Amino acid sequence: MDRKDILGISYFSDYIKPGHIIHDLKAKDKVHAIEELLDVLAKQKQIKNKKLLLTRLIDRENLVSTALGDGIAVPHARVDIDGDLSIVAGRSEKGLDFEAPDKKKVHLIILIIWNPSLPGLFNHLFAGLAQFLRKPEFRQRIFDAKDKNELYSVLSEIELRFPQDDKIISRAGLLRKLQEIESKKQKAHKAQLKTLQAQAAIIREELDQAVLVRFDRLMERYGFAVAEVQDGACQGCNINVSTLMSSAIEDSNDIYICENCGKYLVAAKKKKK
-8 MDRKDILGIS
2 YFSDYIKPGH
12 IIHDLKAKDK
22 VHAIEELLDV
32 LAKQKQIKNK
42 KLLLTRLIDR
52 ENLVSTALGD
62 GIAVPHARVD
72 IDGDLSIVAG
82 RSEKGLDFEA
92 PDKKKVHLII
102 LIIWNPSLPG
112 LFNHLFAGLA
122 QFLRKPEFRQ
132 RIFDAKDKNE
142 LYSVLSEIEL
152 RFPQDDKIIS
162 RAGLLRKLQE
172 IESKKQKAHK
182 AQLKTLQAQA
192 AIIREELDQA
202 VLVRFDRLME
212 RYGFAVAEVQ
222 DGACQGCNIN
232 VSTLMSSAIE
242 DSNDIYICEN
252 CGKYLVAAKK
262 KKK
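Under the numbering used here, think of the first position of the sequence shown as -8, with each following residue one higher.
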């Protein structure tokens, strides 16, 4: 039964089925874990070229880790598939290294592949997942699930909806990386330029058009679009942001927008000891 309503609210069970759940992944590293999840989709004939998809997913992973922290990772790719969307989830009891921002091992992997003709669908899914999976009690229920049916039951409770505030869910790392790549493109030799263009294209494919329009406009006007918040001030305009926003940005992968200069705000990178 389709539970989507006129408000655009849906549930994770609208997109994933029990047969797309692996309760105990056998893989011991992230590459083999992603391959193991792709095998599920290949057996059900939801994907045609597993090797190509694996390469694409790992290329994306190497740009910016898809680990959200707290034991969760959401590897994904926007590629041509027969349907609109394919999702598979796997749980690893021992945990896997995904180079997570909090250095914790990943125990739940949700792999998402979606059709280029639906650019907004992934952002809808990702925002809902990120918001729900941040709840400690919910994550613990996932990690404690005794079998795939129980795991599916818990995941089915995830409510998906677009965020209504100025925050952009879990995109700080992507925009920061895109800015870095675009800056390098200005000075790159011809041999390097092709690689940088391919990397930028991967990131741009999963960002909303509105985000990219603002990003490109800021890059063209100022030479940069993403500014760090240091000591409570936007480094793009040196104006203090609200205490509430500054606190929210700290240790966050979410993006906020400076009310003064309009640049995207991200947490400052921690200095290496």
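Cβ atoms here follow ideal geometry from the backbone N, Cα and C, with glycine treated the same way. Here the structure is a predicted model, which means the values were calculated and not measured.
Spatial neighbours of I230 in its own chain (CB-CB distance under 6 Å, excluding positions within 5 residues in sequence) are listed in chain order as N251. For A259, same chain residues with a beta-carbon under 7 Å away, outside a window of 5 residues either side, are E219, V220, Q221 in chain order. Comparing C-alpha distances from S77 to each of G253, P9, R208 shows the shortest one belongs to P9. Per the coordinates, the alpha-carbon of A189 lies some 18 Å from the alpha-carbon of K42.
Excluding its 5 nearest sequence neighbours in each direction, D138 has C-beta neighbours in its own chain below 6 Å: H14, listed in chain order. Linking E197 to Q131 through their CA atoms gives a straight-line distance of about 29 Å.
Counting only the Cα atoms, F89 lies some 21 Å from F113. Secondary structure of E219 (DSSP, three-state): strand. DSSP places Y213 within a helical segment (H, G or I) once states are collapsed to three. V65 places its beta carbon 9 Å or farther from that of I25.
Under the 10 Å beta carbon count, N140 is surrounded by fewer than 16 other beta carbons and is classified as exposed. Per DSSP, Y255 lies in no alpha helix (DSSP H) segment; the continuous beta strand (DSSP E) that holds it begins and ends at 255 to 258.
With a 10 Å radius around the Cβ and a threshold of 16 neighbouring Cβ atoms, Q170 comes out buried. The criterion of a C-beta distance shorter than 9 Å is not satisfied by A192 and Y255.
Taking a cut-off of 8 Å on C-beta distances, the stretch 224 to 238 does not touch the stretch 173 to 190, as fewer than three cross pairs fall below it. Annotation for P107: R69 place their beta carbon closer than 6 Å to its own, counting only its chain and skipping 5 residues before and after. Residue burial annotation: E128 is exposed, with fewer than 16 other C-beta atoms found within 10 angstroms of its C-beta.
Taking the CA atoms as reference points, E148 sits about 7 Å from F3. In this structure, L166 lies away from F117, with their beta-carbon atoms at least 9 Å apart.
By the Cβ neighbour-count rule, V204 is exposed, with fewer than 16 other Cβ atoms within 10 Å of its own.
Per DSSP, the beta-bridge partners of A68 are I104.
Straight-line spacing of the CA atoms in G119 and L151 works out to 4 Å. Between L87 and A18, the CB-CB gap stays under 9 Å.
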